[in-house]
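Worksheet: one structure, shown below.
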Amino acid sequence: MERREVTFRIKRFNPKKDVRPYYQEYKLTVPRGMTILEALQFIKDEIDPTLAFRAFCRSAICGSCAIKVNGFPKLACKTQVFTELDKFKTSLLTLEPLDNMEVIRDLIVDWDGAFERMKELKPYLIPDPKVVPDTLDEETRVYPEELKKYDKFTDCILCTSCYSICTATQIDEGYGGPFQLARLYRFAVDKRDGLKEERAKIGYAYDMWNCVRCEKCADVCPKHVGPVDAIMRLRGISIDIGLKDNPGARHVLAFYKSLMESGLLNEVLLPLRAKGIKGVLENLPVGIKMILKGKAHSPIMKPISEHESLIKLMKAAMEVE
Amino acid sequence: MEMVAFYPGCAAKGASKELYESTVAVSEELGIPLVELPQFSCCGAGVLEEVKDILDIVVNARNLALAEREGFKTIVTVCSTCLLVLKRTKYHLDNDDDLKEKVNNLLEKEGLEYKGEVDVKHFHWFLLDEFGEDELRRRVKKPLQSLKVYPYYGCHTVRPYEILGYEPSENPQSLERLIRAVGAQPVSGERRLECCGFHAFWPNPNGSMILTGLNLKDAKLCGADCIVTPCPLCHMNLDANQGRALKEVGESFSIPVLHVPQLLGLALGIEPKRLGLHRNIVPVNC
Ligand code: SF4
Ligand code: SF4
Ligand code: FES
Chain A
37 MERREVTFRI
47 KRFNPKKDVR
57 PYYQEYKLTV
67 PRGMTILEAL
77 QFIKDEIDPT
87 LAFRAFCRSA
97 ICGSCAIKVN
107 GFPKLACKTQ
117 VFTELDKFKT
127 SLLTLEPLDN
137 MEVIRDLIVD
147 WDGAFERMKE
157 LKPYLIPDPK
167 VVPDTLDEET
177 RVYPEELKKY
187 DKFTDCILCT
197 SCYSICTATQ
207 IDEGYGGPFQ
217 LARLYRFAVD
227 KRDGLKEERA
237 KIGYAYDMWN
247 CVRCEKCADV
257 CPKHVGPVDA
267 IMRLRGISID
277 IGLKDNPGAR
287 HVLAFYKSLM
297 ESGLLNEVLL
307 PLRAKGIKGV
317 LENLPVGIKM
327 ILKGKAHSPI
337 MKPISEHESL
347 IKLMKAAMEV
357 E
Chain B
682 MEMVAFYPGC
692 AAKGASKELY
702 ESTVAVSEEL
712 GIPLVELPQF
722 SCCGAGVLEE
732 VKDILDIVVN
742 ARNLALAERE
752 GFKTIVTVCS
762 TCLLVLKRTK
772 YHLDNDDDLK
782 EKVNNLLEKE
792 GLEYKGEVDV
802 KHFHWFLLDE
812 FGEDELRRRV
822 KKPLQSLKVY
832 PYYGCHTVRP
842 YEILGYEPSE
852 NPQSLERLIR
862 AVGAQPVSGE
872 RRLECCGFHA
882 FWPNPNGSMI
892 LTGLNLKDAK
902 LCGADCIVTP
912 CPLCHMNLDA
922 NQGRALKEVG
932 ESFSIPVLHV
942 PQLLGLALGI
952 EPKRLGLHRN
962 IVPVNC
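Just so you know, the sequences run in chain order A and B. For the first sequence, position 124 (counting from the first letter as 1) is numbered 160 according to this note's numbering, and the numbering increases by one without interruption. For the second sequence, position 206 (counting from the first letter as 1) is numbered 887 according to this note's numbering, and the numbering increases by one without interruption.
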């Protein structure tokens with residue numbers, strides 16, 4: 037069996053003892069197929085019993101073993117050492133605790149903040165008495181097409197990988213967070229839920245429009261949950277229930293309008309449409325520079341060929357159930 | 682070479698004209714037969730999904746189907762967000778027969794059908810696939826020797842891997858390969874895969890500018906002479922909004938930001954005017 041010499045560079049930190057974190061290197065021979073978690077366990081058993089990491093199920097179910105491998109969050113139990121070596125064309129793997137959370141010790145981070153935030157978003161079913169019977173003799177049926185709306189968002193195992201790399205979380209303390217907002221959406225489209233669409237207001241209050249659509253959460257999720265997809269839909273619901281007078285919603289409606297008018301985005305009118313006069317004024321200095329450089333188009337745009345057909349399709353799409 | 686459908690996207694047709702100009706100039710120089718379809722619409726930049734998810738799919742299935750109707754096998758785009766939106770549509774349609782049928786029922790009324798035969802590529806992937814680094818290097822007339830270039834990927838050509846699938850999202854190398862092919866030197870920066878914040882610019886301008894500012898700062902820290910990016914939206918933030926972004930992070934320097942075909946065009950010996958370099962907000966001295 038193929039074996040390779042691998043150096044694991046592990047970030048260590050014991051807040052009770054260490055002034056600051058440091059890196060410690062462990063060299064071992066790794067056979068093909070070994071996971072990062074097995075390597076960690078080997079180090080702990082055979083080399084250094086003081087190494088701290090978290091793991092439980094070893095089957096990518098409990099979500100406890102997420103750490104950073106060469107900078108990217110991974111479930112240690114699901115990730116093979118060789119795959120990562122090949123990806124980075126290296127024999128050195130740097131293992132670090134997840135970001136955006138405080139380190140308890142070595143690779144273990146404090147989840148409390150992330151889960152507190154989730155709780156604030158009410159991530160549980162608040163039964164709708166019109167749909168959910170209050171006796172146990174009857175049941176509420178959920179049909180496959182109904183389940184399809186939120187099925188993938190129920191697969192989250194709370195590993196916090198997405199939260200740890202979320203761009204919006206890094207720059208906005210009030211941001212709801214990727215997996216947290218995905219849970220919110222999951223209940224917003226569950227017919228048994230009593231709040232339903234109203235939940236979009238919670239998303240709004242927790243800055244869902246500040247998601248920068250960096251797609252990191254979709255990329256790192258070991259369960260293919262794709263929180264960003266839920267956030268986009270939750271935004272859509274917020275517009276449907278009338279939360280329209282904000283830059284995010286107005287930006288969306290500006291796109292729709294542009295497509296209906298010409299089939300192309302009207303960039304010149306975007307500041308006005310998204311943010312009104314304030315938008316125009318804020319962007320005036322840059323706007324003037326752009327005009328001087330010949331970057332602006334005429335505010336009246338010539339429609340694309342077969343524009344009529346696009347309009348018909350868009351209207352038809354809006355009618356689809 | 683087989684004709685390819687050119688999907689420039691609204692930015693290249695509008696505020697980033699220089700991207701359009703340089704793409705056309707480079708394609709002429711390399712003999713790439715780009716055909717822009719006058720029927721292509723805006724992809725909606727992912728924003729249409731927020732109106733209604735099926736709307737986003739239908740609008741872009743139309744774009745894909747138009748290319749298929751005209752017999753194209755490949756759509757090439759120069760915008761990262763257009764790339765992701767078109768590829769995501771394709772991904773959903775190719776993996777969900779019910780959805781495909783539903784969408785095709787609508788398209789049929791407009792004389793269109795999405796079959797799933799057309800592929801979508803970013804321009805710089807297309808260059809690497811069609812020519813390869815060695816061939817590109819041979820075509821270079823003015824190697825950009827000793828130029829240090831920061832490869833700024835941003836988000837939508839790399840993530841999510843499940844949909845884009847061109848190169849590992851944790852360690853993409855396509856831009857580095859191109860930079861080397863033109864004789865320049867890629868510098869490795871920590872923020873090359875970070876977001877520029879463009880898509881939250883309207884709700885959160887300060888946040889967006891902080892992200893862009895940090896990215897610019899990283900490029901400076903790496904000793905880069907310029908930044909190159911495959912995305913006109915990242916370019917807008919990094920170039921047009923550079924002053925504002927740097928102010929947000931307490932800095933004030935200036936660093937030129939080039940579109941991929943501008944960098945390549947310079948190395949191919951195309952005059953700067955044809956590459957629209959005079960339109961870049963931060964002056965490019967070449
Ligand atoms: S959404 Fe995915 S990455 Fe985020 S916590 Fe849930 S399982 Fe982990
Ligand atoms: S797409 Fe939005 S929610 Fe997901 S990681 Fe990026 S900013 Fe966070
Ligand atoms: S140990 Fe449970 S997910 Fe890895």
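Here a beta-carbon is modelled for each residue, glycine too, at the ideal position from N, C-alpha and C.
Leaving aside the five residues before and after residue 684 of chain B along the sequence, list all residues of the same chain whose C-beta is less than 7 Å from its C-beta, in chain order.
Position 3 of the second sequence, counted from the first residue, corresponds to residue 684 of chain B. Result list for residue 684 of chain B: 714, 716, 753, in chain order.
Residues surrounding ligand 3 [beta-carbon distance to nearest heavy atom under 7 Å]:
A:73, A:91, A:92, A:93, A:94, A:95, A:96, A:97, A:98, A:99, A:100, A:101, A:111, A:112, A:113, A:114, A:193, A:195
Output needed in chain order: residues of the segment 280-311 of chain A with a Cβ under 9 Å from some Cβ in chain B.
282, 283, 284, 285, 286, 287, 288, 289, 290, 291, 292, 294, 295, 298, 299, 300, 301, 302, 303, 304, 306, 307, 310, 311
One question on the structure: do residue 905 of chain B and residue 962 of chain B come within less than 8 Å of each other, judged by their Cβ atoms?
The residue labelled residue 905 of chain B in the question sits at position 224 within the second sequence. The residue labelled residue 962 of chain B in the question sits at position 281 within the second sequence. No, these two residues do not count as a Cβ contact at 8 Å.
Can you list the beta strand (DSSP E) stretches of 3 or more residues lying completely in the segment 810-885 of chain B, in chain order?
829-832
Determine the contact status of residue 945 of chain B and residue 702 of chain B, defining contact as a CB-CB distance below 8 Å.
For this step, residue 945 of chain B is matched to residue 264 along the second sequence. For this step, residue 702 of chain B is matched to residue 21 along the second sequence. For residue 945 of chain B and residue 702 of chain B, no; Cβs fall outside 8 Å.
Kindly list the residues whose CB is nearer than 7 Å to the CB of residue 270 of chain A, restricted to its own chain and excluding five residues on each side of it in sequence; keep chain order.
For the purposes of this step, residue 270 of chain A is taken as residue 234 along the first sequence, with counting starting at 1. If we look at residue 270 of chain A and ignore the five residues flanking it on each side, its Cβ neighbours are 217, 220, 221, 224, 236, 239, 244.
For the beta strand (DSSP E) containing residue 801 of chain B, name the first residue and the last one.
Locating residue 801 of chain B in the second sequence gives position 120, where the first residue counts as 1. Where residue 801 of chain B is concerned, the enclosing beta strand (DSSP E) stretches over 800-803.
Given a limit of 8 Å on CB to CB distance, which residues of the segment 87-115 of chain A reach chain B?
106, 107, 108
Report buried or exposed for residue 92 of chain A, applying the criterion of at least 16 other Cβ atoms within 10 angstroms of its Cβ.
Numbered from its first residue, the first sequence carries residue 92 of chain A at position 56. It counts as exposed.
Which chain B residues are close to residue 235 of chain A, counting only those with a beta carbon under 7 Å from its beta carbon?
Translated into positions along the first sequence, residue 235 of chain A becomes position 199. The premise fails here: residue 235 of chain A is roughly 16 Å from chain B at the closest Cβ pair, so nothing lies under 7 Å.
Over what stretch of residues does the alpha helix (DSSP H) that includes residue 221 of chain A continue unbroken?
Locating residue 221 of chain A in the first sequence gives position 185, counting from the first residue. Its alpha helix (DSSP H) spans residues 214-224.
What would DSSP say about residue 41 of chain A, mapped onto helix, strand or coil?
Residue numbering aside, residue 41 of chain A sits at position 5 when the first sequence is read from its first letter. Strand, per DSSP.
Within the present structure, is the beta-carbon of residue 728 of chain B separated from the nearest heavy atom of ligand 2 by less than 7 Å?
The count along the second sequence starts at 1 and reaches residue 728 of chain B at position 47. Residue 728 of chain B: no, Cβ never under 7 Å from ligand 2.
Taking C-beta pairs closer than 7 Å, name the residues in chain B that residue 345 of chain A reaches, listed in chain order.
Here residue 345 of chain A is taken as the residue at index 309 of the first sequence, counted from 1. Neighbours of residue 345 of chain A on chain B, chain order: 791.
Simplified DSSP state of residue 203 of chain A, which is helix, strand or coil:
Reading the first sequence from its first residue, position 167 is the one you call residue 203 of chain A. DSSP places residue 203 of chain A in helix when its eight states are reduced to three.
For residue 717 of chain B, go through chain A and note every residue whose CB falls closer than 9 Å to its CB, in chain order.
On the second sequence, residue 717 of chain B is found 36 positions in, with the first residue counted as 1. Ordered by position in chain A, no residue passes the 9 Å Cβ test against residue 717 of chain B, which lies about 11 Å from the chain.
Proximal residues to residue 725 of chain B (C-beta, below 7 Å), its chain only, five neighbours per side dropped
Stepping through the second sequence from its first residue, residue 725 of chain B is reached at position 44. Same-chain partners within the cutoff: 737, 740, 766.
Give a yes or no on whether the C-beta atoms belonging to residue 774 of chain B and residue 781 of chain B are separated by under 8 Å.
Translated into the one-based positions of the second sequence, residue 774 of chain B becomes position 93. Translated into the one-based positions of the second sequence, residue 781 of chain B becomes position 100. In contact: residue 774 of chain B and residue 781 of chain B (Cβ atoms closer than 8 Å).
Run the CB neighbour count on residue 923 of chain B, radius 10 Å, all protein chains shown included, and call it buried at 16 or more, exposed below.
By one-based count along the second sequence, residue 923 of chain B stands at place 242. Looking at its Cβ environment, which holds 16 or more other Cβ atoms inside 10 Å, residue 923 of chain B is buried.
With a threshold of 7 Å (Cβ to nearest heavy atom), would residue 814 of chain B be considered close to ligand 2?
As a working mapping, residue 814 of chain B is identified with position 133 in the second sequence. Not under cutoff, so the answer is no.
Whole-angstrom distance between residue 59 of chain A and residue 197 of chain A, CA atom to CA atom:
Against the first sequence, residue 197 of chain A aligns to sequence position 161. Against the first sequence, residue 59 of chain A aligns to sequence position 23. Rounded to the nearest angstrom, the two C-alpha atoms are 22 Å apart.
Have a look at A:53, A:52, A:268, A:62 and flag the residue whose alpha-carbon is nearest the alpha-carbon of residue 43 of chain A.
Here residue 43 of chain A refers to the residue found at position 7 of the first sequence. That would be A:62, whose Cα lies nearest to the Cα of residue 43 of chain A.
So residue 791 of chain B packs on residue 686 of chain B, CB below 8 Å; how close in whole Å?
Translated into positions along the second sequence, residue 791 of chain B becomes position 110. Translated into positions along the second sequence, residue 686 of chain B becomes position 5. About 18 Å separates the two Cβ atoms, so there is no contact after all.
Roughly how many whole angstroms lie between the Cα atoms of residue 735 of chain B and residue 748 of chain B?
Position 54 of the second sequence, counting from 1, holds the residue named residue 735 of chain B. Position 67 of the second sequence, counting from 1, holds the residue named residue 748 of chain B. Spanning the two alpha carbons is a distance of roughly 20 Å.
DSSP puts residue 229 of chain A in a beta bridge; with which residues?
What you label residue 229 of chain A is simply residue 193 of the first sequence in a count that begins at 1. Answer by DSSP bridge pairing, in chain order: A:163.
When the Cα atoms are used, what is the spatial distance from residue 760 of chain B to residue 332 of chain A?
The count along the second sequence starts at 1 and reaches residue 760 of chain B at position 79. The count along the first sequence starts at 1 and reaches residue 332 of chain A at position 296. Cα to Cα, the separation comes out at about 18 Å.
Cross-strand partners of residue 683 of chain B (DSSP beta bridge)
Looking up residue 683 of chain B in the second sequence gives position 2. None, per the DSSP bridge assignment.
Member of B:830, B:817, B:762 whose CA lies at the smallest distance from the CA of residue 801 of chain B:
In the second sequence, residue 801 of chain B corresponds to position 120, counting from 1. When only C-alpha atoms are compared, the closest one is B:762.
Would you decide whether residue 229 of chain A is buried or exposed? Buried here means 16 or more other CB atoms lie within 10 Å of its CB.
Here residue 229 of chain A corresponds to residue number 193 of the first sequence, with the count starting at 1. It is buried - the Cβ of residue 229 of chain A has at least 16 other Cβ atoms within 10 Å.
Would you mind telling me which residues of chain A sit closer than 8 Å to residue 841 of chain B, beta carbon to beta carbon, in chain order?
The residue labelled residue 841 of chain B in the question sits at position 160 within the second sequence. Going along chain A in sequence order, the residues near residue 841 of chain B (Cβ under 8 Å) are 251, 254, 255, 262.
In chain order, which alpha helix (DSSP H) runs of at least 4 residues are fully inside the segment 227-305 of chain A?
235-241, 252-256, 263-276, 283-297
First through last residue of the alpha helix (DSSP H) which encompasses residue 915 of chain B
Taking the second sequence and counting its residues from 1, one reaches residue 915 of chain B at position 234. Per DSSP, residue 915 of chain B belongs to the alpha helix (DSSP H) from 913-916.
What span of residues does the beta strand (DSSP E) with residue 132 of chain A cover, start to end?
Against the first sequence, residue 132 of chain A aligns to sequence position 96. Unbroken beta strand (DSSP E) run through residue 132 of chain A: 128-132.
Cross-chain neighbours of residue 806 of chain B in chain A, by beta carbon under 8 Å
In the second sequence, counting from the first residue as 1, residue 806 of chain B sits at position 125. What residue 806 of chain B touches in chain A: nothing, since even the nearest Cβ is about 17 Å away.
Starting from the beta carbon of residue 203 of chain A, find every residue of chain B whose beta carbon is closer than 8 Å, and list them in chain order.
Along the first sequence, read from residue 1 onward, the residue named residue 203 of chain A stands at position 167. By Cβ distance, chain B contributes 875, 876, 878, 892.
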